[in-house]
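Quick note on numbering that gives the first Met the number 0: the sequence shown kicks off at 0 and runs consecutively.
By construction, the Cβ of each residue, glycine as well, lies at the ideal position given by its N, Cα and C atoms.
Report on the structure given below.
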Amino acid sequence: MYLKNNKKTIRAWAMFDWANSAYNLVITSTIFPAYYTAITSTTVHGHSTDKVQFFGFSFVNTALSNYALAVAYLIIALITPLLTATADYRGNKRIFMKLFTWLGALACCGLYFFKLETLELGVILFALAAIGYCGGIVFNNSYLPDIATPDQQDRVSAKGFAYGYIGSVLLQIICFVFVLKPDLFGITDASFPARLSFLLVGIWWIAFAYIPFSVLPKGSPNYNKIAKSKIASGYDELRKVWSRLSEMPVLKTFLVAYFFYAMGVQTIMLVAANFGEKILHLGTSKLIATILIIQLVAILGAYAMSRLSQVFGNIKVLLFVVFIWICTCICAYFIQNEFQFYALAAVVGLIMGGIQSLSRSTFSKFLPLDTPDTASYFSFYDVTEKLAIVAGLFSFGFIEELTGNMRNSAVALALFFVIGFVMLFVTRSKEVGLAKR
């Protein structure tokens, strides 16, 4: 048995966010979206087009990348219950963290070979990297109740996100130099700096991930043969968690709220770079600068929301943040220039870090005390998030293809936030009602 609130263990846990957040920034938020949009926007008979051919099927380029991510998140949502059940039975969730980390890191390294003529390879590796990233987070999240007491979980969760933002910004700056000043290194191939950045993400990811791998508790390994019933129990565990939620109305309502506002938050985070490149034609340098603003402000946001939650309570702070997200979506529809985009990016950064860390810690605090199978509960939480992302990304891509304008997709996300806001308000009412009993 190991002690909770151990500083060394908490730092090591936070370093997992440091390691994998480089993927989140470089691959999903800055260099890859700009590179992808640039090489897939072509000229045919003197007319520019954003249509691409993927295994013989025609798609709008940005819609294709959204669909690829949606499929990746759907896959991880489907396999997570099986893996967490196996991890609970075996007592070896750290091993699964390693497997997903290697998958994601190697996929990022493989993106070094992504060019227009290898579009199918690039899109598939892009999806595999997302699976690796999400899979690792599932098991890392499940460590939170194991390493921190409830009164410290907000702070520890915020620390993890802060480490992630700092680590990702450091690597982004390195990649930024290669992309903007390739002549300093004698680089003449225009695509090489971006592809080198993808390779560096993979190396960074796997290298720093070995800090938590060497410190986080191994658990209590169970080497007995796994029966089919044990493998299938992952889905049974989700069903059991859902049935237990009927006895926890506050947590159940919070999860419904989380599903809807996560549709908006996660989709915005994944498509913001494509929006800036395609709608405002920002270019790689301005796009990177914008995302850096978001990341740096997000560090402040994560800690600020943690402090505010101690004063006003988690749900009240989440209500305020979701309201700001609603306003952000409406503003995105009317945005016309890069300066407005920068201002909106600063707001997004402030509320992005806060809503992520606070949602994670709120769910953890609502869990029953001394829950033995935390991986199963966090599996349910993660499946909820992943299904929200699938719905959000598919909706965003479908609306863009249907209307021909990404602005319509952006403003449509406001509806998800409105539903989430209403359900958070209901959560707050139930929480107050239970407290009065």
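For the candidate residues the options, whose alpha-carbon lies nearest to that of residue i?
i: W241; options: D150, Q335, L366 and G300; result: L366
i: F377; options: A126, I388, L392 and S360; result: S360
i: T100; options: L392, V310 and Y22; result: Y22
i: L179; options: Q339, I30 and A261; result: I30
i: A344; options: W17, S28, A18 and M14; result: S28
i: F338; options: F393, L299 and K285; result: K285
i: Y260; options: S428, A387, I292 and S408; result: A387
i: Q151; options: N139, K6, L115 and T85; result: K6
i: F160; options: T283, D16, T85 and I136; result: D16
i: F322; options: V347, F56, A303 and L24; result: V347
i: Q52; options: L279, V122 and A71; result: V122
i: P32; options: A71, V320 and K277; result: K277
i: I293; options: K3, L24 and L2; result: L24
i: A71; options: F54, F397, F393 and V425; result: F393
i: Y164; options: G352, K364 and F397; result: G352
i: V59; options: T39, A69 and I75; result: T39
i: L215; options: E384, N140 and W203; result: N140
i: Y162; options: F362, A331 and L299; result: L299
i: R243; options: F95, S375 and L318; result: S375
i: A331; options: R194, G275 and F258; result: G275
Taking buried to mean at least 16 other C-beta atoms within 10 Å of its own C-beta, is residue i buried or exposed?
i: A342; result: exposed
i: V264; result: buried
i: S156; result: buried
i: A434; result: With a pLDDT of only 46 at A434, under 50, the local geometry of the prediction cannot be trusted, and the value read off the model is given with reservation. Classification for A434: exposed.
i: G166; result: buried
i: R436; result: Residue placement at R436 is flagged as unreliable, the pLDDT there being 43, under the threshold of 50; the coordinate-derived value follows with that caveat. The residue is exposed, with fewer than 16 neighbouring Cβ atoms inside 10 Å.
i: Y209; result: exposed
i: Q171; result: buried
i: R238; result: exposed
i: S20; result: buried
i: L77; result: exposed
i: Y234; result: exposed
i: D153; result: buried
i: T117; result: exposed
i: N336; result: exposed
i: R427; result: buried
i: K439; result: Nothing about residue 439 can be reported from this structure: the residues present for the chain run from 0 to 436 only.
i: C174; result: buried
i: M14; result: buried
i: R93; result: buried
i: E399; result: buried
i: T48; result: exposed
i: T41; result: exposed
i: R306; result: exposed
i: S245; result: exposed
i: E119; result: exposed
i: L412; result: buried
i: T187; result: exposed
i: G391; result: buried
i: G185; result: exposed
i: S57; result: exposed
i: G55; result: exposed
i: L318; result: buried
i: A18; result: buried
Which whole-angstrom value is the C-beta distance of residue i and residue j, which I expect to be below 8 Å?
i: G134; j: A106; result: In fact, because the Cβ distance is near 12 Å, the residues do not count as touching under 8 Å.
i: V200; j: I26; result: 6 Å
i: L102; j: L127; result: 6 Å
i: V389; j: L73; result: 5 Å
i: S356; j: A301; result: 5 Å
i: V270; j: C328; result: Between C328 and V270 the Cβ distance is about 12 Å, and since that is not below 8 Å, they are no contact.
i: M422; j: A256; result: 3 Å
i: F177; j: P192; result: 4 Å
i: F79; j: V382; result: Checking the sequence shown, residue 79 turns out to be Thr, not Phe. Sure, about 6 Å apart at Cβ, within 8 Å.
i: L281; j: T289; result: 7 Å
i: F420; j: I354; result: Actually they do not touch by this definition, with Cβ atoms about 12 Å apart.
i: L279; j: F340; result: 6 Å
i: T61; j: N407; result: Not confirmed; about 13 Å, so no contact.
i: S196; j: K114; result: With 8 Å as the limit, S196 and K114 do not qualify as a contact, their Cβ atoms being about 14 Å apart.
i: N4; j: A147; result: 6 Å
i: T83; j: V137; result: 7 Å
i: K364; j: I75; result: K364 to I75, Cβ: 25 Å. No contact.
Inset, instruction - Count the C-beta pairs between the segment 400-419 and the segment 92-110 that are closer than 8 Å, then say yes if the count reaches three, no if not. - result: no
Inset, instruction - With a floor of 4 residues, list each alpha helix (DSSP H) that falls wholly inside the segment 260-347, ordered by position along the chain. - result: 282-311 and 313-333
Legend entry - Three CB pairs or more closer than 8 Å across the segment 254-274 and the segment 51-70: yes
Inset, instruction - Please determine if the segment 9-25 and the segment 237-257 are in contact, where contact requires at least 3 C-beta pairs separated by less than 8 Å. - result: no
Legend entry - Any 3 or more C-beta pairs closer than 8 Å across the segment 386-405 and the segment 312-320: no
Inset, instruction - Could you pull out every unbroken beta strand (DSSP E) segment of at least 3 residues lying fully inside the segment 92-164, listed in chain order? - result: none
Legend entry - 4 or more residues per run - each alpha helix (DSSP H) lying fully within the segment 174-224: 191-214
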